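Here is the structure we will look at, set down as C-alpha cells.
There are 2 protein chains.
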Amino acid sequence: MIPESTPESVYWRYTEIQRSIYDWTLFIMPESINTEEHVIATYLIETKPEVDILNWAFSISIEQTTGTWVPVPEETPEVRQKYAGKIIGIYEIPHYEFELPAGLKSRSYVINIAFPWVNFGAQIPMLLSTVIGNISMMGRLKLLDLHFPHSFVQGFKGPKFGIAGIRKLLDIPERPLLNNMIKPCTGFPPEVGAKLFYEVAAGGGDIIKDDELLADPSFCPLEKRVKMYMEAERRAYEEKGERTLYTVNITDSANKVLDNAKRAIDAGANALMLNYLTAGISTLQALAEDPEINVPILAHLDFAGVLYESPFSGVSSTLVLGKLPRLAGADIVVYPNPHGKFPFLRDRYLQIALTLRAPFYEMRTVFPMPGGGVHQGAVPLLVKELGTDCIIGAGGAIHGHPTGPKAGARSFRQAIDAVMAGIPLEQAAQEHPELQSAVQTWGIAGSNVST
Amino acid sequence: MIPESTPESVYWRYTEIQRSIYDWTLFIMPESINTEEHVIATYLIETKPEVDILNWAFSISIEQTTGTWVPVPEETPEVRQKYAGKIIGIYEIPHYEFELPAGLKSRSYVINIAFPWVNFGAQIPMLLSTVIGNISMMGRLKLLDLHFPHSFVQGFKGPKFGIAGIRKLLDIPERPLLNNMIKPCTGFPPEVGAKLFYEVAAGGGDIIKDDELLADPSFCPLEKRVKMYMEAERRAYEEKGERTLYTVNITDSANKVLDNAKRAIDAGANALMLNYLTAGISTLQALAEDPEINVPILAHLDFAGVLYESPFSGVSSTLVLGKLPRLAGADIVVYPNPHGKFPFLRDRYLQIALTLRAPFYEMRTVFPMPGGGVHQGAVPLLVKELGTDCIIGAGGAIHGHPTGPKAGARSFRQAIDAVMAGIPLEQAAQEHPELQSAVQTWGIAGSNVST
Numbered sequence: 002m003i004p005e006s007t008p009e010s011v012y013w014r015y016t017e018i019q020r021s022i023y024d025w026t027l028f029i030m031p032e033s034i035n036t037e038e039h040v041i042a043t044y045l046i047e048t049k050p051e052v053d054i055l056n057w058a059f060s061i062s063i064e065q066t067t068g069t070w071v072p073v074p075e076e077t078p079e080v081r082q083k084y085a086g087k088i089i090g091i092y093e094i095p096h097y098e099f100e101l102p103a104g105l106k107s108r109s110y111v112i113n114i115a116f117p118w119v120n121f122g123a124q125i126p127m128l129l130s131t132v133i134g135n136i137s138m139m140g141r142l143k144l145l146d147l148h149f150p151h152s153f154v155q156g157f158k159g160p161k162f163g164i165a166g167i168r169k170l171l172d173i174p175e176r177p178l179l180n181n182m183i184k185p186c187t188g189f190p191p192e193v194g195a196k197l198f199y200e201v202a203a204g205g206g207d208i209i210k211d212d213e214l215l216a217d218p219s220f221c222p223l224e225k226r227v228k229m230y231m232e233a234e235r236r237a238y239e240e241k242g243e244r245t246l247y248t249v250n251i252t253d254s255a256n257k258v259l260d261n262a263k264r265a266i267d268a269g270a271n272a273l274m275l276n277y278l279t280a281g282i283s284t285l286q287a288l289a290e291d292p293e294i295n296v297p298i299l300a301h302l303d304f305a306g307v308l309y310e311s312p313f314s315g316v317s318s319t320l321v322l323g324k325l326p327r328l329a330g331a332d333i334v335v336y337p338n339p340h341g342k343f344p345f346l347r348d349r350y351l352q353i354a355l356t357l358r359a360p361f362y363e364m365r366t367v368f369p370m371p372g373g374g375v376h377q378g379a380v381p382l383l384v385k386e387l388g389t390d391c392i393i394g395a396g397g398a399i400h401g402h403p404t405g406p407k408a409g410a411r412s413f414r415q416a417i418d419a420v421m422a423g424i425p426l427e428q429a430a431q432e433h434p435e436l437q438s439a440v441q442t443w444g445i446a447g448s449n450v451s452t
Numbered sequence: 002m003i004p005e006s007t008p009e010s011v012y013w014r015y016t017e018i019q020r021s022i023y024d025w026t027l028f029i030m031p032e033s034i035n036t037e038e039h040v041i042a043t044y045l046i047e048t049k050p051e052v053d054i055l056n057w058a059f060s061i062s063i064e065q066t067t068g069t070w071v072p073v074p075e076e077t078p079e080v081r082q083k084y085a086g087k088i089i090g091i092y093e094i095p096h097y098e099f100e101l102p103a104g105l106k107s108r109s110y111v112i113n114i115a116f117p118w119v120n121f122g123a124q125i126p127m128l129l130s131t132v133i134g135n136i137s138m139m140g141r142l143k144l145l146d147l148h149f150p151h152s153f154v155q156g157f158k159g160p161k162f163g164i165a166g167i168r169k170l171l172d173i174p175e176r177p178l179l180n181n182m183i184k185p186c187t188g189f190p191p192e193v194g195a196k197l198f199y200e201v202a203a204g205g206g207d208i209i210k211d212d213e214l215l216a217d218p219s220f221c222p223l224e225k226r227v228k229m230y231m232e233a234e235r236r237a238y239e240e241k242g243e244r245t246l247y248t249v250n251i252t253d254s255a256n257k258v259l260d261n262a263k264r265a266i267d268a269g270a271n272a273l274m275l276n277y278l279t280a281g282i283s284t285l286q287a288l289a290e291d292p293e294i295n296v297p298i299l300a301h302l303d304f305a306g307v308l309y310e311s312p313f314s315g316v317s318s319t320l321v322l323g324k325l326p327r328l329a330g331a332d333i334v335v336y337p338n339p340h341g342k343f344p345f346l347r348d349r350y351l352q353i354a355l356t357l358r359a360p361f362y363e364m365r366t367v368f369p370m371p372g373g374g375v376h377q378g379a380v381p382l383l384v385k386e387l388g389t390d391c392i393i394g395a396g397g398a399i400h401g402h403p404t405g406p407k408a409g410a411r412s413f414r415q416a417i418d419a420v421m422a423g424i425p426l427e428q429a430a431q432e433h434p435e436l437q438s439a440v441q442t443w444g445i446a447g448s449n450v451s452t
C-alpha cells in the first residue's frame, strides 16, 4: 500500500521511505510548534561543504530523542511524532542562494530544534543531556541559546531574593552594590580574614565574598571563619550603620553542599557562595530550592571558560553565565568584566547582564556582578554600560589600595556616589583623598572605549 | 528625580539615559514576547568589527518602528514600549566569546526582532516596509525568515485550492503532476499555441501554462487564446479521459489583473497564472482572495533573483518563493530546480518545498513546482528529494522531444508511473519507446548527487 504523501497526513519513516529520502514530518515551521510543550534550542553548526544539512539536522534531532544511527523496531511513527525533536529553522550564514564561493572550506548554519520537554521534565541535567549531551562531541556544533516555555520554567523556583530581595536586605534601593573578594585568595587563618573583612566592611563594602579557592580547608575551617567574619560584620555595622553580606564559599561534593550551607547558616552566615559549575548547576538548584536556605546565593563563574570559550563548540556564555544559573536560583552571578583581567567580549558581557535582568516569566531578576580587574576608575564606565542594577566586584583594587583596604572600599563608595550624583570622577577625586589615590594609581577607564 | 533602574519598572529613553547608554527595555528574552502580537523577523547582519551590535540592533528596531536618527518629542516611553520593535536574540557567527581573531574584517550575526503587528495590520506591503523597508539599504543585512502569529495569518485567506484542491480537480490522488510550459515562449499566434496545447494535453500533461513572457500581446490576445486552448483541452479530454488545467498568464498592471482574470474565466479558463513578483505579492493576494476567482492560481518566480540572490542582502528565497506566496494565496509556486538550468542550492530548493507544504495554521498546502531544465530522467531524483507532492515543470524536454510534444508528455508520464511503481527508469525505458528516446537524449539524473 502506498502511503499518502502530504506531511499533514502521514508519517514517513526515514529509512523506509520509498519516495523521499527525508522524513518531512520532522521539518516543520516554527508556527506549528506547540510552544508550551517544547524547549527550543539554537545551535551554530559548521560542516564540510558537501554535507547535506537537512540530513545532518535530522540526525541531531533524532540522536537526541528517539533514534540512533540505525532504525530500531520500536521507534514507531507515533513515537517519533510525539517524542522526536522537530527542526524548525535552518539558516545558512552567509545565506548563499545559488552558488557557493569557489574554494569554500566549510558552511555555517544556525539551526533551531524544538525538543518535547516531556522527554526530560523540569530538571537541568536531563535538559543538558538532551540539548547538548552526546552531540557535544559532534565537532563543530555550539549551543547558542535555549528558549523555555512557561510550563517548563514553572518547574523551577528560581532566585529566592534576586535584585529586589538583596536591595531590601541591605536597604539600598538604587545604587550599584560594592562587593569585595578577600585577598589573598587562600592560605590564611580565619583571624587574618576577619581582620580584612572588618576593614572592608567598615570602609563600605556591601557584600564580602570568599575567594573561589577557599571553602573549608583545615587551616581556615568554615564554621570558625563564619563566626569570626560575622563578628567583624557586627563591629563594622556598629561603626557605619550599614549591614554587610558575607557570601560563604560552601563548595563541596554534591552530597555535602547542603550540609555545609546549613552549618554556615547555623554559624551565623547571612549569605552563601557556590562554585556552581564545578559543583554542578543542579547542585545550585537543590541549594536554592531548599526551604531551609533563607539567605541569598552568589554563583561563582570559575570553570565557565571550559564550557563556553570555543567559538565553534560547547555552550554560549549567555547560557552558562546567564540563563542557566538564573533558572537554577542564583541571586548573584559573578562573570567576567571585559575591561579588566579576563579577555571577554563586551557584547557577551552586556548580553549576560540582559539575560540575568530582563523579564523572564515570574523569575526574579539576578544581580550581574562583573569582576576581574575592576578598579575605582572603572565605575562610571560600568554603570554607563550596565546601568545601576549591578554589583561591582572588586578584589585587588580594595586590598591593594595605597592606603589599605578600608580606604580601598571607601574610595569605591565615593566613585559610586559621584556617578549617582552625575559628578565626573575627576571632580569627585579632588574632594576625596581615597578616590584621588585610587584614580592616580589605576586611572579612569573608558576613554578608549566607544561608548 | 532619579528613575528606578530595573528594566521591568522603568522605561529608559535612549538619548536621555544618564546611567546606561542602552535602552534595556527594548532588549528582551523571547520568552517575554506576547507571540500573538508580534511578527518575528530573523536577519543576517554583517558589520565592521568595531560596531557595537547592541546599538546597531537597537537602531534597526527603532528605525523600523517608532524612531528615527534623532529623538523626537512625541516618541514617549509609552509609545516605544507598545509600538517599538523588541530585540529578542543576537547570535554572533562564529560565536566568539573572549577574543576576535587577528585581522578579522567583519563580524556576522543572526538577530531576531519582534515587531508589533498592530503597526502594520494583516497586509503584505506594510509588513515588508516594516521588516525590510528602509533597512534594506543598510548594507549587509538580509531578511532570512518571518515567523507569523496565528492572529496575523488569520487575516489572510491563503490558497483556495492548494495541493488537495488541485488533486481533487484533476482526480489525481497521489502521483506527482506533470506541468508543461508552451515553447516557444512567445511570438506565435493562438492557433500555433493551441496545436501545441493539444499535443501535450493528449500526451498526458496535467497542467499547461503560458510562458511568463506571454500575457496579452496583440499577436496572441488573451481571450482568443483561452478559447482556442480550452477547445484543445476538450479535444484532448475526449481522447484521454483526463482533464488538463490551463494556467493563463494574466500578468498586468495592478488595476487590470483582476479584470484580465475575469475575462479569462469568462472565456473558459480553468486556472490562472501570475508573475507575482513583478505584479506585486499583494496583487496575487487580491486575486486569490477575490470571491469571483474560483480557479487555482500558479505563481511564477521570475524577478525572484533580484530579491534573493545576494548572500548578504535582500530577502531569502525561502520567504520570496515559499512563505510569502503561500500567505498571498498561490496554489502552485514555480521555483528553480537545482539540477537544471538555474544555479540554485539544493538546500534552498528543499527548504522552499518544506515551507510550501509543512503545516502552517489553517493555510492550505501549496504545490512546489521545480522547473528549469527538468527532463524525464530527472523524475526519480526529484521524487526522491521532494516526495510525490510536487509538480514536475517541464518545457524543453516535452517540446524538444525527438518524436514531438505528445511523445514528450507521454514519456514523462511513463517516468512518473515507473517511479510510483518502484520500477527503475532504465527498466521502464525498455518497455516504453518514448521514455527510451528521452533517456537516451538527456540521460538519468542523480547518479552524481549525494542522495
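Protein sequences, first through last, are from chains A and B. When we follow my numbering, the leftmost residue of the first sequence carries the number 2, and every step to the right adds one. When we follow my numbering, the leftmost residue of the second sequence carries the number 2, and every step to the right adds one. All C-beta atoms in this analysis are idealised placements derived from N, C-alpha and C, irrespective of residue type, glycine included. Since this is a predicted model, take the numbers as computed values, not measurements.
Check	Outcome
For residue 3 of chain B, would you say it is in contact with chain A, using Cβ-to-Cβ distances shorter than 8 Å as the test?	Bear in mind that a pLDDT of 29 at residue 3 of chain B, under 50, signals an unreliable position, so the model cannot answer this.
With three or more beta-carbon pairs closer than 8 Å as the criterion, would you say the region 429-444 of chain A touches the region 373-386 of chain A?	yes
Please state whether DSSP places residue 23 of chain B in a helix, a strand or coil.	coil
Considering only the alpha carbon of each residue, which of B/79, B/396, B/211 lies closest to residue 223 of chain B?	B/211
Which residues in chain B have a C-beta closer than 9 Å to the C-beta of residue 356 of chain A? List them in chain order.	30
Determine the chain A residues that contact residue 361 of chain B at a beta-carbon separation under 7 Å, and present them in chain order.	30, 32, 33
Is the Cβ of residue 335 of chain A closer than 8 Å to any Cβ of chain B?	no
Identify the contact partners of residue 387 of chain B in chain A, using a Cβ-Cβ distance below 7 Å as the criterion.	21
Counting only C-beta atoms, is residue 1 of chain A closer than 8 Å to chain B at any point?	Here chain A comprises residues numbered 2 to 452, so residue 1 of chain A is not present and cannot be evaluated.
Roughly how many angstroms separate the alpha carbons of residue 284 of chain A and residue 277 of chain A, rounded to a whole number?	7 Å
Cβ atoms of residue 132 of chain B and residue 58 of chain B: under 8 Å apart, would you say?	no
Got a sec: is the Cβ-Cβ distance from residue 55 of chain A to anything in chain B below 8 Å?	yes
Excluding five sequence neighbours on each side, which residues of the same chain lie with their C-beta closer than 8 Å to the C-beta of residue 27 of chain A?	59, 62, 63, 81, 85, 86, 87, 88
Which of the residues in the region 125-154 of chain B, read from start to end, lie with their CB under 7 Å from any CB of chain A?	143, 145, 146, 148, 149
Any beta carbon of chain A sitting closer than 8 Å to that of residue 437 of chain B?	no
Rounded to the nearest angstrom, how far is the Cβ of residue 305 of chain A from that of residue 318 of chain A, given a contact under 8 Å?	7 Å
Between residue 420 of chain B and the rest of its own chain, which residues show a CB-CB distance below 7 Å, the 5 nearest in sequence each way excluded?	380, 381, 384
Pick from B/190, B/220, B/213, B/342: whose alpha carbon is nearest that of residue 273 of chain B?	B/213
Counting only Cβ pairs nearer than 7 Å, list the residues of chain A close to residue 346 of chain B.	97, 98, 99
Give the secondary structure of residue 117 of chain A by DSSP, where H, G and I count as helix, E and B as strand, and everything else as coil.	strand
Quick check on the DSSP output: what are the complete alpha helix (DSSP H) runs of length 4 or more inside the region 180-214 of chain A, in order along the chain?	191-204
With respect to the beta strand (DSSP E) encompassing residue 93 of chain A, which residues constitute its N-terminal and C-terminal limits?	87-94
Thinking residue 166 of chain A and residue 53 of chain A are a contact (beta carbons under 8 Å), I'd like their distance in whole angstroms, please.	Actually they do not touch by this definition, with Cβ atoms about 51 Å apart.
Does the distance from the CB of residue 1 of chain A to the CB of residue 399 of chain A come in under 8 Å?	Residue coverage of chain A in this structure runs from 2 to 452, which leaves residue 1 of chain A outside it and unanswerable.
Of the choices A/432, A/91, A/426, A/243, whose alpha-carbon is the least far from that of residue 444 of chain A?	A/426
Just the Cα atoms here: how many angstroms apart are residue 392 of chain A and residue 180 of chain A?	6 Å
Hey, out of A/362, A/386, A/354, whose CA is closest to residue 152 of chain A's CA?	A/362
Would residue 90 of chain A count as contacting chain B if we go by Cβ distances under 8 Å?	yes
Is residue 182 of chain B buried or exposed, if buried means 16 or more other CB atoms sit within 10 Å of its CB?	buried
Does the distance from the CB of residue 56 of chain A to the CB of residue 90 of chain A come in under 8 Å?	no
Counting only Cβ pairs nearer than 7 Å, list the residues of chain A close to residue 317 of chain B.	96
Is there a Cβ from chain B that is less than 8 Å from the Cβ of residue 109 of chain A?	yes
Can you look up residue 258 of chain B in the DSSP assignment and give me helix, strand or coil?	helix
Thinking just about the alpha-carbon of each residue, which of B/228, B/204, B/248 is nearest to the one in residue 237 of chain B?	B/204
By DSSP, does residue 84 of chain A sit in helix, in strand, or in coil?	helix
Beta-carbon within less than 6 Å of residue 325 of chain A's beta-carbon, same chain only, minus the 5 sequence neighbours each way: which residues are those?	282
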